[in-house]
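Visitor: At position 247 of the sequence shown the residue is numbered 540 (the numbering used here), and the sequence of numbers has no breaks.
Submitted below is the structure of interest, expressed as structure tokens.
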Amino acid sequence: MSTGLSQPGLIEQLRSARWFGGKSRTIRGLEIVDRVQWTPEDELALVNVAYEQATPELYVLANRFPDASVARALLQQFDGATLRTQAGGSLRFCPTHVLKDIAADQTEPVSALRGEQSNTSVRFGNALILKLFRRVQFGPNPDVEIGRYLTEHTSFRGTPAVVGSLEYTSPDGRTASLALLQRFEANRGDAWTTTLRRLDDVVAGADPSESIDAMRRLARTTGELHVALSHGTGDFAAEPIDKSDIEQWHTAIVDELDHATEALRHRNIAVEHAELRKRADGIASLEGSKKTRHHGDYHLGQVLERPDGEFVIIDFEGEPARPLAQRREKRSPLRDVAGMLRSFDYARNTVIRGHASTDPSRVMDWYTAVREA
């Protein structure tokens, strides 16, 4: 059974939510396609949002999450509980072997995390993070899928261990991940923040070697991730890159280059289109090498720096705006490397702009060194 909705109050509730991605579109209507009393105090609903001129989207609504009492009740169900939904589907709490290592006295206090754009997360003391995916797409969620694989099938420990996931099965048998439970990683902040902090010190005259060494540690962790993702089977088996892959990727790169060139032209910004096109042609050299699962949205903001200076890679969800199937595609691991090099470029420019009256040569020397790290 589904219930049609058009109440302005619910529409406004969606529009005011940080995680709602349809704020700029005209909403034509809402429909609750399924619902379940997932704790004694709160109900979870799957709401289909229809737009005037865009593809409908499915969102998770839970009015009282991330209240602490609701979060505690959810955590208690990760021992394997299954709930039946109103429309005849199911909600399954699926633990990994890591759950047995979590002591109850480590999970307090419970607090909501702030600042997320597309999801809602709760922290349980220094033990766990529970992330609720607000936009639902049917099929394996890469954040859950890759996290579980790394936790259960590899020795890679440069990512938070997956403790469990919340899986929805619709009445017609389709599945979607609604939440991910992971170990909390104590950290100094994300690598974007710590890198800018070190670069500010470099501009002020500090020895850049400490910052360069940090990027070498990040490079090592990145390489270890890619090795772990290249030795699986099935959906995690490495495959040879063939000519059709090259053609598809080259077309996508050139299309994006053409679009960017045209957009910048309208802002009177010149682009060396021919030179960039020549660089794009270099992708042909990848034919015959391996394509694997990879991070998919890799930059300094997707990495946490532990107190000991080692790095932890987070958020394997990929670019949320892209279709799920696209985010699960195998690519060259160099795609992640390119994303991180671009992030170094952003960091360099951010610091140079922030110290406009200072000689940028020290930052440029740092940039050259970390690209080679």
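The C-beta atom is built at its ideal place from N, Cα and C for all residues, glycine as well.
Assign P668 to one of two classes, buried (16 or more other C-beta atoms within 10 Å of its C-beta) or exposed (fewer than that).
Guide: Because the chain is modelled from 294 through 666, residue 668 falls outside the range shown and cannot be assessed.
Visitor: Go through its chain and collect everything with a Cβ distance to F449's Cβ below 7 Å, but skip five positions before and after it.
Guide: Counting from 1 along the sequence shown, the entry for residue 449 is found at position 156. Closer than 7 Å at Cβ, skipping near neighbours: L443, E517, L518, A521.
Visitor: Going along the chain, which residues of its own chain have a beta-carbon closer than 8 Å to the beta-carbon of V437, five neighbours each way excluded?
Guide: As a position in the sequence shown, residue 437 is number 144, starting the count at 1. For V437, where only same-chain residues beyond five positions count, the Cβ hits under 8 Å are V455, S458, S470, L473.
Visitor: Measure the C-alpha to C-alpha separation of L421 and E334 and round it to an integer number of angstroms.
Guide: Counting from 1 along the sequence shown, the entry for residue 421 is found at position 128. Counting from 1 along the sequence shown, the entry for residue 334 is found at position 41. Whole-angstrom Cα-Cα distance: 22 Å.
Visitor: What are the residues that DSSP puts in a beta bridge with N412?
Guide: Residue numbering aside, residue 412 sits at position 119 when the sequence shown is read from its first letter. In the DSSP output, where bridge partners are listed per residue, N412 has F426.
Visitor: First and last residue of the alpha helix (DSSP H) that includes I360?
Guide: Numbered from 1 along the sequence shown, position 67 holds the residue referred to as residue 360. The amino acid occupying residue 360 in the given sequence is Asp; Ile does not appear at that position. Looking at the DSSP string, D360 is not in any alpha helix (DSSP H), and its letter there is neither H nor E.
Visitor: How far does the alpha helix (DSSP H) with P435 in it extend, from its first residue to its last?
Guide: Residue 435 sits at position 142 when you count from the first residue of the sequence shown. P435 -> alpha helix (DSSP H) spans 435 to 446.
Visitor: Give me the residue from F386, G322, S625, W485 with the minimum Cα distance to D372.
Guide: Here residue 372 corresponds to residue number 79 of the sequence shown, with the count starting at 1. Ranking the options by Cα distance to D372, first place goes to F386.
Visitor: From A553 to L597, what does the alpha carbon distance come to, in whole angstroms?
Guide: Here residue 553 corresponds to residue number 260 of the sequence shown, with the count starting at 1. Here residue 597 corresponds to residue number 304 of the sequence shown, with the count starting at 1. C-alpha separation (whole angstroms): 31 Å.
Visitor: If I measure Cβ to Cβ from R481 and keep anything under 7 Å in the same chain, skipping five residues before and after, which residues do I get?
Guide: Residue 481 sits at position 188 when you count from the first residue of the sequence shown. Residues of the same chain with a CB within less than 7 Å of the CB of R481, apart from the 5 flanking positions on each side, are T487, E598, P600 in chain order.
Visitor: Would you check if the distance between the CB atom of K623 and the CB atom of E532 is smaller than 8 Å?
Guide: As a first step, residue 623 must be located in the sequence shown, where it is residue number 330. As a first step, residue 532 must be located in the sequence shown, where it is residue number 239. The answer is yes: Cβ separation under 8 Å.
Visitor: Considering F637, what are the terminal residues of the alpha helix (DSSP H) in which it resides?
Guide: Residue 637 sits at position 344 when you count from the first residue of the sequence shown. Counting along the chain, the alpha helix (DSSP H) containing F637 begins and ends at 627 to 647.
Visitor: Cutting at 8 Å between CB atoms, please list the residues of its own chain near S317, excluding the five before and the five after it.
Guide: As a first step, residue 317 is located in the sequence shown; it is residue number 24 there, counting from the start. Once the five neighbours on either side are set aside, S317 has no close Cβ partner at all.
Visitor: Out of T332, D506, F637, point me to the one whose CA is closest to Y591's CA.
Guide: Locating residue 591 in the sequence shown gives position 298, where the first residue counts as 1. Minimum Cα distance to Y591 is reached at F637.
Visitor: Helix, strand or coil for Y352? Go by DSSP, reduced to three states.
Guide: The count along the sequence shown starts at 1 and reaches residue 352 at position 59. Note: Y352 maps to strand in three-state DSSP.
Visitor: Please state whether DSSP places A521 in a helix, a strand or coil.
Guide: For the purposes of this step, residue 521 is identified with residue 228 of the sequence shown, where counting begins at 1. The answer is helix: DSSP assigns A521 an H, G or I state.
Visitor: Once DSSP output is grouped into helix, strand and coil, what is the label at Y660?
Guide: What you label residue 660 is simply residue 367 of the sequence shown in a count that begins at 1. It is helical.
Visitor: Measuring straight from C-alpha to C-alpha, what distance separates L627 and K583?
Guide: Within the sequence shown, numbered from 1, the residue matching residue 627 stands at position 334. Within the sequence shown, numbered from 1, the residue matching residue 583 stands at position 290. The straight-line gap from Cα to Cα measures roughly 10 Å.
Visitor: Would you say T643 touches the ligand SAM, meaning its beta carbon is less than 7 Å from a heavy atom?
Guide: Ligands displayed in this structure: none; no statement on the ligand SAM is therefore possible.
Visitor: At which residue ranges does the region 299 to 348 contain complete alpha helix (DSSP H) runs of 4 or more residues, listed in the order of the chain?
Guide: 301 to 309
Visitor: As a quick exercise: from L368, V663, V415, E603, pick the residue whose alpha carbon is nearest that of A631.
Guide: As a position in the sequence shown, residue 631 is number 338, starting the count at 1. Minimum Cα distance to A631 is reached at V663.
Visitor: Ordered along the chain, which non-local residues of its own chain (more than five positions away) have a Cβ less than 7 Å from that of R377?
Guide: Position 84 of the sequence shown, counted from the first residue, corresponds to residue 377. S383.
Visitor: Hey, out of P613, Q430, V342, P435, whose CA is closest to Y324's CA?
Guide: As a position in the sequence shown, residue 324 is number 31, starting the count at 1. A small correction: the amino acid at residue 324 is Glu; Tyr does not occupy that position in the sequence shown. Closest by alpha carbon: V342.
Visitor: Please classify E568: is it buried, with 16 or more other beta-carbons within 10 angstroms of its beta-carbon, or exposed?
Guide: Residue 568 sits at position 275 when you count from the first residue of the sequence shown. Exposed, since its Cβ has fewer than 16 Cβ neighbours within 10 Å.
Visitor: Rounded to the nearest angstrom, what separates R572 and N419 at their Cα positions?
Guide: Against the sequence shown, residue 572 aligns to sequence position 279. Against the sequence shown, residue 419 aligns to sequence position 126. R572 and N419 have their C-alpha atoms some 46 Å from each other.
Visitor: Who are the Cβ neighbours of H648 in its own chain at under 7 Å, not counting the five residues just before and after it?
Guide: What you label residue 648 is simply residue 355 of the sequence shown in a count that begins at 1. If we look at H648 and ignore the five residues flanking it on each side, its Cβ neighbours are V496.
Visitor: Please report the residue range of the beta strand (DSSP E) in which S383 lies.
Guide: Taking the sequence shown and counting its residues from 1, the one referred to as residue 383 is at position 90. Segment 383 to 388, the beta strand (DSSP E) holding S383.
Visitor: Taking the alpha-carbon of G408 as reference, which of D398, A479, A310 has the nearest alpha-carbon?
Guide: Position 115 of the sequence shown holds residue 408. Considering only alpha carbons, the answer is A310.
Visitor: Going by CA-CA distance only, name the one from R641, P435, Y352 that's closest to I304.
Guide: Numbered from its first residue, the sequence shown carries residue 304 at position 11. Checked all of R641, P435, Y352; the closest Cα to I304 is Y352.
Visitor: Where N412 and W485 are concerned, what is the direct C-alpha to C-alpha distance, given to the nearest angstrom?
Guide: Stepping through the sequence shown from its first residue, residue 412 is reached at position 119. Stepping through the sequence shown from its first residue, residue 485 is reached at position 192. Rounded to the nearest angstrom, the two C-alpha atoms are 20 Å apart.
Visitor: Within 10 angstroms of the Cβ of E580, are there 16 or more other Cβ atoms? Answer buried if so, exposed if not.
Guide: Against the sequence shown, residue 580 aligns to sequence position 287. Exposed is the call here.
Visitor: Quick check: what's the CA-CA separation for A666 versus M508?
Guide: As a working mapping, residue 666 is identified with position 373 in the sequence shown. As a working mapping, residue 508 is identified with position 215 in the sequence shown. So the two alpha carbons sit approximately 7 Å from each other.
Visitor: What number of angstroms, rounded off, separates the C-alpha of R467 from the C-alpha of L634?
Guide: Start at 1 with the first residue of the sequence shown, and residue 467 comes out as number 174. Start at 1 with the first residue of the sequence shown, and residue 634 comes out as number 341. The straight-line gap from Cα to Cα measures roughly 38 Å.
Visitor: Would you kindly check if the distance between the Cβ of E478 and the Cβ of P453 is under 8 Å?
Guide: Within the sequence shown, numbered from 1, the residue matching residue 453 stands at position 160. Within the sequence shown, numbered from 1, the residue matching residue 478 stands at position 185. Taking 8 Å as the Cβ cut-off, P453 and E478 qualify as a contacting pair.
Visitor: Roughly how many angstroms lie between the CA atoms of N561 and V340, to the nearest whole one?
Guide: Locating residue 561 in the sequence shown gives position 268, where the first residue counts as 1. Locating residue 340 in the sequence shown gives position 47, where the first residue counts as 1. If you take the alpha carbons of N561 and V340, they lie about 44 Å apart.
Visitor: What residue does the alpha helix (DSSP H) around L557 start on, and which one ends it?
Guide: Here residue 557 corresponds to residue number 264 of the sequence shown, with the count starting at 1. Counting along the chain, the alpha helix (DSSP H) containing L557 begins and ends at 536 to 558.
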